[in-house]
Amino acid sequence: MKLESAQADTPLLLDRARRGDQAAFAALIRMHQSSVFSIGLRMLNRRDAAEDLAQDVFLQLYRKLDSIESIEHLGFWLRRVAANLAIDWLRRAAYTRGTPLEEGAEIPAPQADDDPLMDRELLRLLGELAPAARAVMVLRYQEDRDVAEIATALDMPVNTVKSHIKRSLTAMRGKMIGAQLITAEELP
Amino acid sequence: MNARLVSGLLALLIAGPLMAQAKGPPLRGQLLLPEMASLADKASESVSVTLDSQLLGFASRFLNPEDPDEAAAKKIVSSLTGIYVRKFTFDTDYAYPKADIEGIRRQLAAPGWSQIVGARSKKDQTNVDVYMLVDGGKARGLAIIASEPREFAVVNIVGSIDLEQLHELEGKFGVPEMQIESGKKPAVAPAPAAKEASKPRTP
Amino acid sequence: MKDIEESLRRAMRPVEPPQGFAERVMRALPERTAPANVVPLSIVRKTPAVAAWRRFSVPAALAASLLIAVFTGQHVATLQAEREEQAGLAASRELMQALRVTSQKLDLAYEAVQRPAPAPPAEEENRS
Numbered sequence: 012m013k014l015e016s017a018q019a020d021t022p023l024l025l026d027r028a029r030r031g032d033q034a035a036f037a038a039l040i041r042m043h044q045s046s047v048f049s050i051g052l053r054m055l056n057r058r059d060a061a062e063d064l065a066q067d068v069f070l071q072l073y074r075k076l077d078s079i080e081s082i083e084h085l086g087f088w089l090r091r092v093a094a095n096l097a098i099d100w101l102r103r104a105a106y107t108r109g110t111p112l113e114e115g116a117e118i119p120a121p122q123a124d125d126d127p128l129m130d131r132e133l134l135r136l137l138g139e140l141a142p143a144a145r146a147v148m149v150l151r152y153q154e155d156r157d158v159a160e161i162a163t164a165l166d167m168p169v170n171t172v173k174s175h176i177k178r179s180l181t182a183m184r185g186k187m188i189g190a191q192l193i194t195a196e197e198l199p
Numbered sequence: 003m004n005a006r007l008v009s010g011l012l013a014l015l016i017a018g019p020l021m022a023q024a025k026g027p028p029l030r031g032q033l034l035l036p037e038m039a040s041l042a043d044k045a046s047e048s049v050s051v052t053l054d055s056q057l058l059g060f061a062s063r064f065l066n067p068e069d070p071d072e073a074a075a076k077k078i079v080s081s082l083t084g085i086y087v088r089k090f091t092f093d094t095d096y097a098y099p100k101a102d103i104e105g106i107r108r109q110l111a112a113p114g115w116s117q118i119v120g121a122r123s124k125k126d127q128t129n130v131d132v133y134m135l136v137d138g139g140k141a142r143g144l145a146i147i148a149s150e151p152r153e154f155a156v157v158n159i160v161g162s163i164d165l166e167q168l169h170e171l172e173g174k175f176g177v178p179e180m181q182i183e184s185g186k187k188p189a190v191a192p193a194p195a196a197k198e199a200s201k202p203r204t205p
Numbered sequence: 069m070k071d072i073e074e075s076l077r078r079a080m081r082p083v084e085p086p087q088g089f090a091e092r093v094m095r096a097l098p099e100r101t102a103p104a105n106v107v108p109l110s111i112v113r114k115t116p117a118v119a120a121w122r123r124f125s126v127p128a129a130l131a132a133s134l135l136i137a138v139f140t141g142q143h144v145a146t147l148q149a150e151r152e153e154q155a156g157l158a159a160s161r162e163l164m165q166a167l168r169v170t171s172q173k174l175d176l177a178y179e180a181v182q183r184p185a186p187a188p189p190a191e192e193e194n195r196s
C-alpha cells in the first residue's frame with residue numbers, strides 16, 4: 012500500500028498518537044508498515060533484517076512524534092529514515108551482493124500481467140547495486156518519489172540521483188539482455 | 003532511536019527475590035559507563051542497554067531457540083555476567099565531546115586490560131579500539147570503543163568470554179555478512195566515499 | 069527504458085511484513101501508564117443499592133467473595149504472567165540489539181585489521 016493511499020485518516024490518528032493514544036499509533040504502524048518493511052526488504056534482501064529495520068524506524072517515530080508536522084511530513088520522514096538506516100547497515104557491512112531470494116517470500120502477490128521470472132531477476136539485480144544507488148531505485152520505483160524528494164531524503168544532489176537512476180537502469184537492462192529476459196529491440 | 007532499557011521498570015515486574023538483591027560494586031571487567039543523558043538528547047538516535055547477570059538470565063529465557071540468531075545469542079550470553087552498550091548517532095559531525103571517550107579510556111588503563119586492536123582510518127575518519135581483560139589466563143572482559151564522525155559507541159561485555167563465539171558474532175543478528183574474501187565486485191560502481199560519509203543517518 | 073521501469077515498479081510492489089508486526093512493535097515501545105480511576109469507598113457505601121445488597125445478601129456475598137477471590141487471584145496471576153512475558157520479550161529485544169551493535173563494531177575492527185596497510189613512501193634517492 013503506497014503511503015498516499017493511507018493518508019485519508021492519518022491526520023486524526025497522528026494527532027491522537029501524539030497525545031499518547033497507543034491504539035492510534037498502532038493504526039499508524041499498520042498503515043505504513045508495508046512501505047517501510049518493503050524499503051528494508053529491497054535494501055537488505057533479508058526478511059528478518061527488514062523487520063528489524065522497520066521496527067527500529069517505528070520506534071524512532073514513537074520518540075519523534077512531536078516533530079512530525081503533517082501527513083506529508085510523516086510519509087517523507089518514514090521513507091527518509093528507513094532508506095538512510097538501511098544504507099548505514101549496508102555500508103558498515105560492506106555488503107556488495109544480495110542473498111538468494113527465498114521462494115515466494117519477497118515477490119508481491121501475483122497479478123494478471125506479472126512475469127515472475129523477470130521480477131525475480133530484477134530484484135536480484137537490484138540487490139547487486141551499491142547501497143546509495145539501491146536506495147535511489149527503491150524510492151523511485153517502489154515509493155514512486157520524484158527526483159527532488161529523493162535528493163532531499165538521501166541528502167545528495169539532484170544530478171547524482173539522476174545519474175544513479177540512469178546508470179542503474181543501463182546496468183540492469185544490459186544484464187537482462189544478457190540473460191535473454193528482454194531483447195535489444197525493446198530498447199528505445 | 004532511543005531504545006532505552008528501563009532497568010528499574012523491569013525490576014518491578016520481575017518476582018521479588020530479584021528485586022531484593024543489592025547491586026554491589028562493579029564486577030571485574032565491568033566499566034563504569036555513564037547514561038550520558040545529555041548526549042542522548044542531542045543524538046538523532048541513541049541506544050542504551052544495561053543488562054547485568056540477572057537481566058541477562060531473564061532476557062535469555064525469552065530468546066527463541068528456533069531462531070538461528072537468537073539461539074546463537076543464547077549460547078553466547080550463557081557464560082556472560084553483563085552486557086553494556088551506549089551508542090549515539092548524530093546529524094552533524096563530532097557532536098559528542100571527546101572527554102566522554104577519554105573518561106572511558108582511562109578505566110581501560112587499569113591493570114589487566116590490554117588493547118588488542120587499535121585501528122584508525124583517515125579515509126572514513128573511523129577509530130576502533132578493542133580491549134580485553136585477561137584474568138587467570140581467561141578473557142573476562144571485552145571493551146570496544148568506536149568513533150565515527152556521526153556516531154560514537156561503547157560496548158562492554160563482562161564474564162567468561164569465548165573468543166571463538168565472539169568471532170561468530172561477525173555477520174550475525176541481521177547485519178549482512180561482509181564478503182571481503184569473496185573478491186566479488188559490485189555490478190555498479192559504488193558512489194564516491196566522500197558522499198557516503200556525509201550522508202545523514204536519520205533526520 | 070519505459071518497459072524496464074514498469075517492470076521495476078511491478079517487481080517492487082510493497083509486501084506486508086510478517087503477521088503480528090505491529091503488535092511486536094507495540095510491545096517494544098517504552099511503557100506509558102494511565103492513572104487509575106479510583107472511586108473513594110465512602111461514596112460507594114452511601115448509595116442505596118449498595119445498602120440494600122449489604123442488608124439482604126450477606127451469605128451470597130460471602131460466597132461471591134470467595135468466587136471473586138479465586139477468579140481475581142487467577143486474573144492477577146494471568147496479568148502478572150502477561151506483564152512478565154512482555155518485559156521478558158522487551159529485554160530479549162534489548163539483548164539482541166546490544167549483540168547487534170557489538171557485531172557491527174567488531175566488523176569495523178575486523179575490516180580495519182584486514183585492510184592492507186598503506187605502502188610506505190618511497191625513500192628519496194641519494195643526491196650526488
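Protein chains in written order, with the working numbering: chain A, 12 to 199; chain B, 3 to 205; chain C, 69 to 196. Backbone N, C-alpha and C fix where the C-beta goes; we use that ideal spot for every residue, glycine too. Treat the numbers as computed from the prediction; the structure is a model and nothing was measured.
The Cβ-Cβ distance between A:Asn95 and A:Leu52 does not fall below 8 Å. Spanning the alpha carbons of C:Gln165 and C:Val93 requires a straight line of approximately 14 Å. Secondary structure note for B:Gln127: it is in no alpha helix (DSSP H), with a DSSP letter that is neither H nor E. Taking CB atoms only, A:Ala37 has a neighbour in chain C less than 8 Å away. Contacts with chain C (Cβ-Cβ distance below 9 Å) from the segment 140-153 of chain A involve Met148, Val149, Arg151, Tyr152, Gln153, listed in chain order. Per DSSP, the beta-bridge partners of B:Asp54 are B:Gly84. Taken in chain order, the members of the segment 103-123 of chain B whose beta-carbon sits within less than 7 Å of a beta-carbon on chain C are Val119, Ala121, Ser123.
Between A:Gln71 and C:Pro82, the CB-CB gap reaches or exceeds 8 Å.
Judged by DSSP in its simplified three-state form, B:Arg142 adopts strand. Inter-segment contact for the segment 83-90 of chain B and the segment 55-62 of chain B is present: three or more beta-carbon pairs are separated by less than 8 Å.
In this model, C:Leu135 and C:Gln142 are separated by some 11 Å (Cα to Cα). Taking 8 Å as the CB threshold, A:Gln71 stays off the interface with chain C. Sequence-distant partners of B:Ala97 (beyond 5 residues in either direction) whose C-beta falls short of 8 Å from its own C-beta, in its chain, are Lys44, Ala45, Arg152. In the DSSP secondary-structure assignment, B:Met134 is bridged to B:Ser116, B:Leu144.
When B:Asp102, B:Phe154, B:Val79 are compared, the shortest CA-CA separation from B:Gln127 is found for B:Phe154.
With fewer than 16 other CB atoms across the displayed protein chains lying within 10 angstroms of its CB, A:Asn170 is exposed. Taken in chain order, the members of the segment 71-104 of chain B whose beta-carbon sits within less than 9 Å of a beta-carbon on chain A are Asp71, Thr91. Between B:Gly114 and B:Asp131, the beta carbon gap of about 16 Å keeps them out of contact (Cβ cut-off 8 Å). Of all residues in the segment 38-54 of chain B, the ones placed with a Cβ closer than 7 Å to any Cβ belonging to chain A are Glu47, in chain order. Here DSSP, grouped into helix, strand and coil, assigns C:Glu73 to helix. Under DSSP, B:Thr91 takes part in a beta bridge, and its partners are B:Glu47, B:Glu153. A distance below 6 Å between beta-carbons, with the five flanking residues on each side excluded, links B:Ala42 to the following residues of its chain, in chain order: Ser48.
When DSSP states are grouped into helix, strand and coil, B:Asn158 belongs to the strand group.
Neighbours of C:Ala155 in chain A, taken as residues whose beta carbon is under 9 Å from its own, are absent, since the nearest beta carbon is some 17 Å off.
In the structure shown, A:Asp130 adopts helical secondary structure according to DSSP, grouped into three states. Less than 8 Å divides the Cβ of B:Ile147 from the Cβ of B:Ile106. Annotation for A:Phe48: the continuous alpha helix (DSSP H) segment containing it runs 33-55.
For A:Asp130, the nearest CB of chain C lies under 8 Å from its own CB, placing it at the interface with that chain. C:Asp175 and A:Gly86 have their C-alpha atoms spaced approximately 32 Å apart.
For the segment 72-87 of chain C, the set of positions with a beta-carbon nearer than 8 Å to some beta-carbon of chain A reads Ile72, Glu73, Ser75, Leu76, Arg77, Arg78, Ala79, Met80, Arg81, Pro82, Val83, Glu84, Pro85, Pro86 in chain order.
Below the 8 Å Cβ cutoff, chain B contributes no neighbours of C:Leu135, its closest Cβ being approximately 27 Å away. Between the C-alpha atoms of A:Arg102 and A:Leu89 there is a straight-line separation of about 20 Å. For the pair B:Gly143 and B:Val157, the CB atoms are not nearer than the 8 Å cut-off.
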